[in-house]
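See below for the structure under consideration.
Right, dumping it as structure tokens:
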């Protein structure tokens, strides 16, 4: 019994320590945002790596997300005869929930993991120490550009992903549920899903923030060489996925309360 | 233990006192003191794993000691905030044992980086980078990336980056580790040339035969403590058993003969 309580206590303390460290990193990044003193080259590099290199995977994810939503809702509404709801159901699910979450998870797997690996490698090869030795604060130079890039680019990628999810849904509706593309898109627009669309974009930004803080934290605290980098990447991907769902819950709750 | 061989009037650019550091309960440095005087080149030597690189990082404020204090240019590093620490580091150059070149930048960008951060005009940066590359005998390799260079070339590029800002205090962590004798000699020649009479240089190394030609003073770390501090002549004259063994094996005593 004592062992169980001790183990529980140790894990709880470990979790609180982790959350505290991430909150502290978030605070340091926020402080470093003002006044703006970003390294232009590093910021541009972060935006390019995070955004431009991610759009193919986001488009692919979004196309299939839209298609899956139509297939799932299509069979149900076909049985009930309510085919006019296919566009609404698919649009609602994609724009508010499934689209941002799946795009966020894909983004985390590609960008977040890459970020942790890159920062972790910089730590173990003393490049982060070299920055400090050159009187450059790593939070300013490394974390802030990545933080900004992930928030802005995941917002934009979610917007792009939403568009391709609807295209994927429209194509699938035409080919597999016998609803012409034009009709499907008309249903989506008639459903007046602007609120859901904005909620999805907001979620995208919060997911970007969560992925940035988690991946920077694990990257900058790597210990133990190449093995340590591997462990950090693994931990960062798991933690970022959890953070995405937690952020999704809280943004959804706050949005619902404020919308009343 | 801190051993001083200088007169009280001589200016100290770096003073470290009572440095203690342990990892996982295992003490590495025990009450270590270091003094680096203006115009001098200090060589820190000792067996592998004794904490020489750790001590060097403490002198640059990159590692915080568990106990003790490091004062650089009259400012205690432990009492400074991030911007204060950055101001002190502006006056230091640090060569890392494993180069620590930024792998996402090419050679030119790596060397130019400290100058860019200082806001030096682009044309002057280009000129100074080309000059410094010529000095380390690597002209025209600005566009190559670190992963395209051999170890000796990386070391010279790292040396160029550490010294391009003209900082008065230069810290070199094992500048010739893994290099061939010819390249090692060139590196030490360069270190001597880049040393400023109004500044100070600290070298951690094992290549004592070559360090003898460059260093004015020595600090021998042994089992986490300072075993000896003094000039080359004092080192050769010392009757301390560990010191004699260490210097004999590295050829320093032979050089005296």
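Residue numbers (the working numbering), protein chains in the order written: chain A, 251 to 510; chain B, 926 to 1182. All C-beta atoms, glycine included, are put in the ideal place defined by N, C-alpha and C.
So, helix, strand or coil for residue 1101 of chain B, using DSSP? coil
Positions along the segment 382-407 of chain A whose CB lies within less than 8 angstroms of some CB in chain B: 382, 383, 384, 385, 386 and 387
Could you compute how far the alpha carbon of residue 986 of chain B sits from the alpha carbon of residue 1020 of chain B? 14 angstroms
In terms of DSSP beta bridges, what is residue 1143 of chain B paired with? B:968 and B:1155
Simplified DSSP assignment, three categories, for residue 1087 of chain B: helix
Cβ distance (whole Å) where residue 366 of chain A is taken to contact residue 468 of chain A below 8 angstroms: 5 angstroms
Okay, do the segment 974-988 of chain B and the segment 1031-1049 of chain B touch, 3+ Cβ pairs below 8 angstroms being the bar? no
Could you confirm whether any beta carbon from chain B is found closer than 8 angstroms to the beta carbon of residue 252 of chain A? no
I'd like to know whether the C-beta of residue 1007 of chain B is nearer than 8 angstroms to at least one C-beta of chain A. yes
Chain A within 8 angstroms of residue 990 of chain B, Cβ atoms only: no
Leaving aside the five residues before and after residue 1104 of chain B along the sequence, list all residues of the same chain whose C-beta is less than 8 angstroms from its C-beta, in chain order. 1076, 1077, 1080 and 1112
Answer with yes or no whether the minimum CB distance from residue 267 of chain A to chain B is below 8 angstroms. no
Inspect the beta-carbon positions of residue 939 of chain B and residue 997 of chain B and report whether they are closer than 8 angstroms. yes
Please determine, among B:1154, B:953, B:1107 and B:1072, the residue with the shortest C-alpha to C-alpha distance to residue 1143 of chain B. B:1154
Under the three-state DSSP convention, the category residue 946 of chain B falls into: strand
Using the Cβ count rule (16 or more neighbours within 10 Å means buried), how would you classify residue 965 of chain B? buried
When A:491, A:271 and A:396 are compared against residue 290 of chain A, the one with the closest alpha-carbon: A:396
Measure the C-alpha to C-alpha separation of residue 317 of chain A and residue 433 of chain A and round it to an integer number of angstroms. 15 angstroms
Out of curiosity, what's the CA-to-CA distance linking residue 345 of chain A and residue 261 of chain A? 37 angstroms
Can the beta-carbon of residue 419 of chain A be found less than 8 angstroms from the beta-carbon of residue 340 of chain A? yes
Cα separation between residue 414 of chain A and residue 358 of chain A? 19 angstroms
Would you identify the three-state DSSP class for residue 1034 of chain B, choosing helix, strand or coil? helix
Can you name the residues that DSSP bridges to residue 1001 of chain B? B:996
Residues of chain B with a CB under 8 angstroms from the CB of residue 377 of chain A: which are they? 1025, 1026, 1027 and 1028
With a 10 Å radius around its C-beta and 16 neighbouring C-beta atoms as the bar for buried, classify residue 1181 of chain B as buried or exposed. Note on residue 1181 of chain B: pLDDT 42, under 50, position unreliable in the model; the coordinate value appears next. Exposed, because fewer than 16 other Cβ atoms sit within 10 Å of the Cβ of residue 1181 of chain B.
Is there at least one non-hydrogen atom of the ligand GTP closer than 7 angstroms to the beta-carbon of residue 504 of chain A? Although the ligand GTP was asked about, the structure shown includes no ligands whatsoever.
Length of the line joining the Cα atoms of residue 251 of chain A and residue 259 of chain A: 12 angstroms
Taking 8 angstroms as the CB-CB limit, is residue 380 of chain A close to chain B? yes
Looking at the strands, I want to know which residues DSSP matches up with residue 1018 of chain B. B:1095
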